[in-house]
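**Q** If you scroll down you'll find the structure; I have some questions about it.
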Amino acid sequence: MEKSEVVKNLNILFKKRSEFYSFFDKNIEKINNTEVFDFKNSKDLNAEEIYKQFYHYDYAIRKILPAIYKAYEITNSDLEKDF
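Going by UniProt numbering, the final residue of the sequence shown carries number 83, and the count climbs one at a time with no gaps.
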C-alpha cells in the first residue's frame, strides 16, 4: 500500500472516529463542566444506530491494518487478538 493510500485510510479512520463520538455527544449529556459522559442519566440509545456507527469505525480500522502490519513486519503470532 502506497503512502498516499495509507494517509487516505488514516483520514477515513479519523473521520469515522469523530462520527462515532459525535453520535454520543448528540445522544448523551455530559457531567457538568466535564467531558465525561453521564451514562447514569442518559436516555436509552438506539442499538441499531450504535452498531452502525461502530461498524463504520471498525471497518476503517481493519482497512488500514494490513499496511501497518506490513510496515512493521507484524504477523498474527505477534498479536493477542480475541476475534
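Every residue gets a Cβ at the ideal spot worked out from N, C-alpha and C, and that includes glycine.
Taking its Cβ as the centre, do 16 or more other Cβ atoms sit within 10 Å of residue 32, making it buried, or is it exposed?
**A** exposed
**Q** Can you list, in chain order, the residues of its chain with a C-beta nearer than 7 Å to that of residue 45? Leave out the 5 residues immediately preceding and following it.
**A** 27
**Q** For residue 52, does the three-state DSSP call read helix, strand or coil?
**A** helix
**Q** Nearest to residue 59 by alpha carbon, out of 30, 1, 20?
**A** 20
**Q** What residues in its chain sit with their C-beta under 8 Å from that of residue 36, if we drop five residues either side in the sequence?
**A** 30
**Q** Taking its Cβ as the centre, do 16 or more other Cβ atoms sit within 10 Å of residue 41, making it buried, or is it exposed?
**A** Residue 41 is exposed by the Cβ-count criterion.
**Q** Near residue 12, which residues of its chain fall below 6 Å by C-beta distance, leaving aside the five closest residues on each side in sequence?
**A** 60
**Q** Just verifying my parser: in three-state terms, what is the DSSP assignment at residue 144?
**A** Nothing in the structure corresponds to residue 144, since the chain is present only between 1 and 83.
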